[in-house]
Amino acid sequence: MTKAVLKTRELSVKFGGVTAVNKVTIEAHENELVGLIGPNGAGKTTLFNLLTGVYKPTSGEVVIDDGDQLVNINQLPPYKRAQLGIARTFQNIRLFKSRTVVENVLIAMTAKNRPYVVQAMLRTPSFYKKEAQNREKALSLLEIFGMTNVADELANNLPYGQQRRLEIVRALATTPKILFLDEPAAGMNPQETQALTELIKQIQVQFKITIVLIEHDMNLVMAVSERLYVLEYGKVLATGTPKEIQNNPAVIKAYLGEEG
Amino acid sequence: MDKAHIKYTLSWATLTLMIIILIFVMTMFGIIGPYGMTTIVLIGINLIAAVGLNLVIGMSGQFSLGHAGFMAIGAYATALIVTSVPTIFGFIISLFVGAILSGIVALIVGIPTLRLRGDYLAIATLGVSEIIRILIMNFKITRGPAGIFAIPAFVNWQVVFGLGVLSIIIVVNLVRSPTGRAIIAVRDNEIAAESLGINTTKYKVIAFVLGAILAAIAGGLRASFIQSVSPQDFTFMQSITILIIVVLGGIGSISGTVLTAVALGILDVVLQNFGSLRMVVYAVVLIIVMLFRPQGLLGRSEFSLKKMLFDSGGDHDKGRSKDA
Amino acid sequence: MIIQQLINGMILGSVYALLALGYTMVYGIIKLINFAHGDIYMLGAYFGYFFLRVLHLNFFIALIFSMAICAVLGMLIEFIAYRPLRHSPRIAVLISALGVSFLLENGMSYLFGSDKRSFPQAIKTIQYHFGSLQISNIQIIIITTAIILMILLNIIVKKTKMGRAMRAVSADEEAAILMGINVNRTISFTFAIGSALAAAGGMLIGLYYNNIDPLMGMTPGIKAFVAAVLGGIGIIPGAALGGWLIGILETMTQAVGLSNYKDAVVYAILIIILLLKPTGILGKNKREKV
Numbered sequence: 000m001t002k003a004v005l006k007t008r009e010l011s012v013k014f015g016g017v018t019a020v021n022k023v024t025i026e027a028h029e030n031e032l033v034g035l036i037g038p039n040g041a042g043k044t045t046l047f048n049l050l051t052g053v054y055k056p057t058s059g060e061v062v063i064d065d066g067d068q069l070v071n072i073n074q075l076p077p078y079k080r081a082q083l084g085i086a087r088t089f090q091n092i093r094l095f096k097s098r099t100v101v102e103n104v105l106i107a108m109t110a111k112n113r114p115y116v117v118q119a120m121l122r123t124p125s126f127y128k129k130e131a132q133n134r135e136k137a138l139s140l141l142e143i144f145g146m147t148n149v150a151d152e153l154a155n156n157l158p159y160g161q162q163r164r165l166e167i168v169r170a171l172a173t174t175p176k177i178l179f180l181d182e183p184a185a186g187m188n189p190q191e192t193q194a195l196t197e198l199i200k201q202i203q204v205q206f207k208i209t210i211v212l213i214e215h216d217m218n219l220v221m222a223v224s225e226r227l228y229v230l231e232y233g234k235v236l237a238t239g240t241p242k243e244i245q246n247n248p249a250v251i252k253a254y255l256g257e258e259g
Numbered sequence: 000m001d002k003a004h005i006k007y008t009l010s011w012a013t014l015t016l017m018i019i020i021l022i023f024v025m026t027m028f029g030i031i032g033p034y035g036m037t038t039i040v041l042i043g044i045n046l047i048a049a050v051g052l053n054l055v056i057g058m059s060g061q062f063s064l065g066h067a068g069f070m071a072i073g074a075y076a077t078a079l080i081v082t083s084v085p086t087i088f089g090f091i092i093s094l095f096v097g098a099i100l101s102g103i104v105a106l107i108v109g110i111p112t113l114r115l116r117g118d119y120l121a122i123a124t125l126g127v128s129e130i131i132r133i134l135i136m137n138f139k140i141t142r143g144p145a146g147i148f149a150i151p152a153f154v155n156w157q158v159v160f161g162l163g164v165l166s167i168i169i170v171v172n173l174v175r176s177p178t179g180r181a182i183i184a185v186r187d188n189e190i191a192a193e194s195l196g197i198n199t200t201k202y203k204v205i206a207f208v209l210g211a212i213l214a215a216i217a218g219g220l221r222a223s224f225i226q227s228v229s230p231q232d233f234t235f236m237q238s239i240t241i242l243i244i245v246v247l248g249g250i251g252s253i254s255g256t257v258l259t260a261v262a263l264g265i266l267d268v269v270l271q272n273f274g275s276l277r278m279v280v281y282a283v284v285l286i287i288v289m290l291f292r293p294q295g296l297l298g299r300s301e302f303s304l305k306k307m308l309f310d311s312g313g314d315h316d317k318g319r320s321k322d323a
Numbered sequence: 000m001i002i003q004q005l006i007n008g009m010i011l012g013s014v015y016a017l018l019a020l021g022y023t024m025v026y027g028i029i030k031l032i033n034f035a036h037g038d039i040y041m042l043g044a045y046f047g048y049f050f051l052r053v054l055h056l057n058f059f060i061a062l063i064f065s066m067a068i069c070a071v072l073g074m075l076i077e078f079i080a081y082r083p084l085r086h087s088p089r090i091a092v093l094i095s096a097l098g099v100s101f102l103l104e105n106g107m108s109y110l111f112g113s114d115k116r117s118f119p120q121a122i123k124t125i126q127y128h129f130g131s132l133q134i135s136n137i138q139i140i141i142i143t144t145a146i147i148l149m150i151l152l153n154i155i156v157k158k159t160k161m162g163r164a165m166r167a168v169s170a171d172e173e174a175a176i177l178m179g180i181n182v183n184r185t186i187s188f189t190f191a192i193g194s195a196l197a198a199a200g201g202m203l204i205g206l207y208y209n210n211i212d213p214l215m216g217m218t219p220g221i222k223a224f225v226a227a228v229l230g231g232i233g234i235i236p237g238a239a240l241g242g243w244l245i246g247i248l249e250t251m252t253q254a255v256g257l258s259n260y261k262d263a264v265v266y267a268i269l270i271i272i273l274l275l276k277p278t279g280i281l282g283k284n285k286r287e288k289v
């Protein structure tokens, strides 16, 4: 088995009296595609928010593999975690709506690039050169996802499916090691979901990154995941390959059962 | 720099030059008298302050009501330095000192308060501005409520025009750079920006500090032009005056700010004819403009020479004004 | 000595509280910092002046009339200057409110002059002494009137249908519409109540300080807004608490000889409280759903 790039140890968070995530210990390996499923309110998105730093845990810890050493990222704010290679998309789309598609991607590249404020102020030739290079990079990323034709459209004017796709491209533009996808198929029609399934597989192969996926669409999640965690009431109920999960009696009772 | 960029830059430069020549010619033929000159200078000073505030409110989306405080810092820096070193050199130094001081205060204030959202930030910045004013009113060195008189004059319209153009260039160049993109990203969606590795506080502070620096320069110019400063010049109403320019022009539109600063300056001249009804008419105009153009003159879009001169139709920027 | 200052602070604070209640209710329902609110307080004082000086009415009758007229004016202002902008950017409404504020201040200056005028002494001042403590009948009237009005407000908000509608629209406008609540009428009602309270504040302060002028609403307006934010904007008990706190804070700073810095102290404490608790003393932290 390849090495783990992300681990949590007994991660918990309480809001008021409610324990939304309760002693969750999970791990994701290099270039692995991990699915995270569970009924509504099981704490999946809360877990994502703990991993990406939007919430701070009440107890437990989050550790990532940064090169050769393990780094405890418990206290890091989201932007520092992103700089360490954690990227995500959101359940409710969060694009920079007043910006164009290519600008959305360029913004995602800001943190990794050295700023060139002085050149920008003076509009030196090197400023234009760097801008052109960055735009080229952004466009080539968009090209992989077939979005160059809409590069100069406002993000707000894209159709829904394209907006979701752009969020993924934007996350990838931060050159992450781990990509968290929060219900990427939500609101998509079957054709769009099919295309998304291919896309996720393609990303895993082409970018060689770890992907953690929350998804309610069982066809999608079973098709792409190598390993699944099932969450219920903030706890890990089971883990295993899609086949194991599908045959796990506890899971069937708790989760698949209710779907019929 | 490719050909297109040279072309646009040259056309803006030409427009600027034409305005300069126009003012010169009009002064020569006596169309612009001393009163007109005062109006032009005051328009320029408001413009510099408003461009700075638009960076804070429009670009970074932080609602600040404290611009007057930063103008006061610049004004008093100039007043104090120029009265003891009454040379052009002293004046230039005083603008730098005011700008740096104002920037430092903005940095100290901004780091903790820019976490606050919306109206809470507005009231906190208002508070900071009032605290600055009250300190000025009570310090010996700033000569209390009476203020400082007989400040040597080093400001003419050329100086203000030059600095006005410079501040527009600085802000526009910043906005259209990676830094500016990050600032706008934080405005559009703070949580998303942070998830992409953008240090949101840092970019809010950059905009806030630059805004404060421009306010201080405007304040310094004003002090030397009017030749007196007093704490009464920098009340909450001064912040509001600048805010109105920004909102009427269109929040986030620098060209809107420029056009509105000029329009309001001219309106002020026209309103002189109304005597004591002046402010009443101004208030009515303000309400009516807002009722009929709530997104401001230009919304979020920019006046573009490129579109006017070089494009034939195909106006894909139109969508931008809608959501402003 | 401290108790004396506390009492004086409570008196001033009662007036801030009356003003802050209007700010907070309006903010709660349409998220607008109503910059014209302080000017309604000024108008209230001017109507009071008219009823007392010209019509020689009893103070309390004049108070009720003045409150009623300002309630109507408040609704009118909302109808003309704010309602058309209900779905515009919030800052547009804010500027419109500033326009209304300028209009009222300068309109009154134009019509009645910008000089201070002395407010009729409708009630003869009597000083009472309790040991070293001193309190006047005017002060007692101010604080009792303020408390009675707050109790009335509480009853209206908690017990009447209109009050429930107000709370519903504050909590969730769209849901309120779906429940068949007439949002426009509810907002009008909120402005009426808020303006009436401001008018009462204006008349009480006229009686207390003996003079009024067209710009008298500016500073108390800002202070009352600060009070509303301090208590937690949109929260009615918060506004009362904030008003009293600021009143007491101001008198206390004056008492320790820092009267030149009293506003600075108020703002400094406001900023510190906001940094410790960004939504004000009684405010609830709302998390943005991610």
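Chains as they are written, first to last, in numbering that gives the first Met the number 0: chain A, 0 to 259; chain B, 0 to 323; chain C, 0 to 289. Glycine included, every Cβ here is placed at the ideal spot set by N, Cα and C.
Could you pull the start and end residues of the alpha helix (DSSP H) that residue i belongs to?
i                      : result
residue 25 of chain C  : 1-29
residue 118 of chain A : 116-121
residue 187 of chain C : 182-208
Under 7 Å between C-beta atoms, does residue i make it to chain B?
i                      : result
residue 29 of chain C  : no
residue 257 of chain C : no
residue 269 of chain C : yes
residue 110 of chain A : yes
residue 139 of chain A : no
residue 96 of chain C  : no
Taking only beta-carbon positions, decide if residue i is within less than 7 Å of chain A.
i                      : result
residue 116 of chain B : no
residue 196 of chain B : yes
residue 53 of chain C  : no
Quick check on DSSP: helix, strand or coil for residue i?
i                      : result
residue 259 of chain A : Since pLDDT at residue 259 of chain A reaches only 42, below the 50 mark, its modelled position is unreliable, and no value is offered.
residue 14 of chain A  : strand
residue 117 of chain C : strand
residue 96 of chain A  : coil
residue 122 of chain C : coil
residue 37 of chain B  : helix
residue 85 of chain C  : coil
residue 22 of chain A  : strand
residue 211 of chain C : strand
residue 59 of chain B  : coil
From residue i to residue j, what does the alpha carbon distance come to, in whole angstroms?
i                      : j                      : result
residue 243 of chain C : residue 163 of chain C : 26 Å
residue 280 of chain C : residue 237 of chain C : 7 Å
residue 23 of chain C  : residue 109 of chain B : 26 Å
residue 106 of chain A : residue 236 of chain B : 37 Å
residue 91 of chain A  : residue 171 of chain C : 20 Å
residue 256 of chain B : residue 50 of chain B  : 7 Å
residue 121 of chain A : residue 172 of chain B : 8 Å
residue 27 of chain A  : residue 88 of chain A  : 18 Å
Per DSSP, which one or two residues make a beta bridge with residue i?
i                      : result
residue 87 of chain A  : A:179
residue 215 of chain A : The partner list for residue 215 of chain A (beta bridge, DSSP) is empty, contrary to what the question assumes.
residue 55 of chain C  : DSSP lists no partner for residue 55 of chain C.
residue 260 of chain A : Nothing about residue 260 of chain A can be reported from this structure: the residues present for chain A run from 0 to 259 only.
residue 238 of chain A : A:228
Hey, could you find the ends of the beta strand (DSSP E) residue i is sitting in?
i                     : result
residue 66 of chain B : Not the beta strand (DSSP E): residue 66 of chain B falls in the alpha helix (DSSP H), residues 66-83.
residue 30 of chain A : That residue, residue 30 of chain A, is in no beta strand (DSSP E); it is neither H nor E in DSSP.
Check whether the Cβ of residue i lies closer than 7 Å to any Cβ atom in chain C.
i                      : result
residue 290 of chain B : yes
residue 12 of chain A  : no
residue 101 of chain A : no
residue 8 of chain A   : no
residue 53 of chain A  : yes
Answer yes or no: the CB of residue i versus the heavy atoms of the ligand NAP, is any distance below 6 Å?
i                     : result
residue 30 of chain C : In the structure shown, the ligand NAP is absent, as is every other ligand, since no ligand is present at all.
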